[in-house]
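Undergrad: Below you will find the structure I want to go over with you.
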Amino acid sequence: MQIDISYEQILALVRQLPRQEKIRLTRELEKEAIDTNLSRLLKTFRTEDLDLKTITEEVERVKQEIYDKQKR
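Quick note: the sequence shown uses the numbering used here, first residue 16, plus one each step.
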């Protein structure tokens, strides 16, 4: 079921919510925005050139750099 409701109507409803419910709503909206941004970011970096071997090599390289810095 879909209801046609304007932004102003939604805003009027939100303003009637108790403070705790507004906080819950804010958190849900933030999660949705983060999920959307993360999906967009992941899509940007999606490539066929990246395979498990390449990722593993890079991880090992970075781990070695960290280890070397800690030894100093």
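Where is the CB? At the ideal position from N, CA and C, for every residue including glycine. Note that this is a predicted model, so its numbers are computed, not measured.
1) Measuring only the C-alpha atoms, how far is Ala98 from Arg87?
2) When you compare only the Cα positions, how much space is there between Phe60 and Ser54?
3) Using only the alpha-carbon positions, how far apart do Asp50 and Gln17 sit?
4) Taking just the CA atoms, how far does Glu72 sit from Asp62?
5) Assuming Leu32 contacts Leu40 (C-beta within less than 8 Å), just tell me the rounded distance between them.
6) What does the alpha-carbon distance come out to for the pair Leu57 and Gln79?
TA: This is what the structure gives:
1) The chain is shown only over 16 to 87; residue 98 falls outside these bounds and no answer can be derived.
2) For this step, residue 60 is matched to residue 45 along the sequence shown. For this step, residue 54 is matched to residue 39 along the sequence shown. Cα to Cα, Phe60 sits roughly 10 Å from Ser54.
3) Residue 50 sits at position 35 when you count from the first residue of the sequence shown. Residue 17 sits at position 2 when you count from the first residue of the sequence shown. Straight-line Cα distance between these residues: approximately 23 Å.
4) As a working note, residue 62 is residue 47 in the sequence shown. As a working note, residue 72 is residue 57 in the sequence shown. The sequence shown places Thr at residue 62, rather than the Asp named in the question. Spanning the two alpha carbons is a distance of roughly 17 Å.
5) Reading the sequence shown from its first residue, position 17 is the one you call residue 32. Reading the sequence shown from its first residue, position 25 is the one you call residue 40. Contact holds; Cβ gap of about 7 Å.
6) Locating residue 57 in the sequence shown gives position 42, counting from the first residue. Locating residue 79 in the sequence shown gives position 64, counting from the first residue. Rounded to the nearest angstrom, the two C-alpha atoms are 26 Å apart.
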